[in-house]
Amino acid sequence: DGGITQSPKYLFRKEGQNVTLSCEQNLNHDAMYWYRQDPGQGLRLIYYSQIVNDFQKGDIAEGYSVSREKKESFPLTVTSAQKNPTAFYLCASRTPGARGQPQHFGDGTRLSIL
Amino acid sequence: RKEVEQDPGPFNVPEGATVAFNCTYSNSASQSFFWYRQDCRKEPKLLMSVYSSGNEDGRFTAQLNRASQYISLLIRDSKLSDSATYLCVVPGGSQGNLIFGKGTKLSVKP
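Structural data, given as structure tokens:
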């Protein structure tokens, strides 16, 4: 079955630690996205990538980093500079020729501070 | 006007009721719109796409009013399983990224 796989489902971060969230898709989608969702809030865009080896900052990129070395993979690193990392992180992707197309989501990673 | 604005609710309705949500958007050039459903502690899932004046899928009808820049979602004969948060989504930004509304919470009671 095609889809988007995020791992781990739950992640705990210690003070000063960097953690990496995995996102893999086998849908042959060019564009991939990372969002953050806080309780009772909407989705906020962290980073996005329209094509391999290229990515752009979203609205709340500070304290995060990404890479896009392969079409299928778009990992997100939450660095120690992100002082309030506790949130629900969602990865999404869109079809080629992405304008006008909906996004499809992985089932998310919940990150908490220890 | 905010890029996407929704009434947060909650909408509490009995089973069988008809309920409508509205969503306003600011980008008059937007061509495609989406409604997503998000269950508690789950990822958003695409409910409907709206590319012209509207779309209908069973009990769900989405309508688009370009002149007034709003989209509506109508749910007829509400079921308990319709309880969720409904997100309005419109294109925005320089590269056509999607902008998500904060969602409208629906609770269908027996």
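Order-wise, the sequence lines are chains G and R.
Residues 1 to 114 (our numbering) are what the first sequence spells out, left to right.
Residues 115 to 224 (our numbering) are what the second sequence spells out, left to right.
Where is the CB? At the ideal position from N, CA and C, for every residue including glycine.
In this text the structure is predicted, and so the values were computed from the model without any measurement.
### Task
Scan the segment 155-184 of chain R for residues whose Cβ lies nearer than 9 angstroms to a Cβ of chain A and list them as they occur along the chain.
Considering every chain present, this structure includes no chain A. Its protein chains are G and R.
### Task
Whole angstroms is fine: what's the gap from Gly-212/R's alpha carbon to Lys-223/R's?
The sequence shown places Leu at residue 212/R, rather than the Gly named in the question. Looking at the two C-alpha atoms, the distance is approximately 32 angstroms.
### Task
Figure out for me which residue from Tyr-64/G, Asn-53/G and Leu-76/G has the closest Cα to the Cα of Gln-82/G.
Tyr-64/G
#### Entry: Chain-ordered chain R contacts of Pro-102/G [CB-CB under 7 angstroms]
Phe-148, Leu-160 and Ser-163
### Query
Is Phe-135/R close to chain G, meaning its C-beta is less than 7 angstroms from at least one C-beta of that chain?
no
### Query
Out of curiosity, what's the CA-to-CA distance linking Val-127/R and Asn-53/G?
48 angstroms
### Task
Can you tell me which of Ser-49/G, Gln-6/G, Gln-103/G and Phe-88/G puts its alpha carbon nearest to the alpha carbon of Arg-68/G?
Ser-49/G
### Message
Can you look up Leu-114/G in the DSSP assignment and give me helix, strand or coil?
### Response
coil
### Query
Name the DSSP bridge partner or partners of Glu-170/R?
Thr-175/R
#### Entry: Selected residue, minimal CA-CA separation from Asn-26/G, among Ala-87/G, Gln-6/G, Tyr-47/G and Gln-41/G
Gln-6/G
### Any chain G beta carbon closer than 7 angstroms to Phe-214/R
yes
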